[in-house]
Amino acid sequence: MCRERGLAMASHDDATDDHVRESADIGMQIAEFPTTHVAADLSHQLGLKVLMGAPNIVRGGSHSGNIAAADLIKKGVLDILSSDYYPASLLAAVQRMHKEELCNLPEAVATVSRLPAKAANLLDRGEIREGLRADIVRVKSPKNQFVVSQVFNKGNRVF
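Start counting the sequence shown at -18; every next residue gets the next number (the numbering used here).
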């Protein structure tokens, strides 16, 4: 049913080669929170988009002892960050990724905008380009802390 409707499917907490291969074989497109480097690496090799929680970046590692998202960025296998249990962590993670030189700022922003939209088949959003929705978050950086200053939805200011 998901494939028929163009909905992306995600595996969750894959830990082994077998878990990842099963996920790929049944059509998963996203590997959400792989728990080991083996699972993250193979997911990436098989074309699944690797998704980790932004709090993992903000905290400097997993709260449950699993792999660190920063390590996956360094290896070039992390595609997407989600807010997980803490929505404000998205912006804080982007700032930390840039500040700690895990990646450049456009790459960090893409993990919370363009790449998740693309993985979820939401092709009308996720980047600033003519013909797209024009959902934009404007950020300021007083005292070196990213802070949301304005939000636009479909080009209309909503905050």
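All residues carry an ideal CB built from backbone N, CA and C; glycine is no exception. Quantities reported herein were computed from a predicted structural model and do not represent experimental measurements.
Looking at the unbroken alpha helix (DSSP H) that takes in residue i, where does it start and where does it end?
i, result
"E88", "L86 to A91"
"A115", "No alpha helix (DSSP H) holds A115; DSSP gives it neither H nor E."
"V147", "Absent from the model: residue 147. The displayed extent of the chain is -18 to 140, so no value can be given."
"S4", "D(-2) to D6"
"S24", "H18 to Q26"
"I48", "Where I48 is concerned, there is no enclosing alpha helix (DSSP H), given that its DSSP letter is neither H nor E."
"A(-11)", "Taken as a continuous stretch (DSSP letters only), A(-11) belongs to no alpha helix (DSSP H), as it is neither H nor E."
"A101", "Premise fails: A101 is in no alpha helix (DSSP H) and is neither H nor E."
What does the Cβ neighbour count give for residue i, buried or exposed, with the cut at 16 atoms within 10 Å?
i, result
"M33", "buried"
"S63", "buried"
"S130", "exposed"
"I48", "buried"
For the beta strand (DSSP E) holding residue i, just list the boundary residues, first then last.
i, result
"K30", "K30 to G34"
"I61", "I61 to S63"
With C-beta atoms as the reference, is residue i less than 9 Å away from residue j?
i, j, result
"L53", "H79", "no"
"A50", "A35", "yes"
Would you please state the rounded distance, in angstroms, between the beta carbons of residue i and residue j? I believe it to be under 8 Å.
i, j, result
"S(-8)", "A12", "5 Å"
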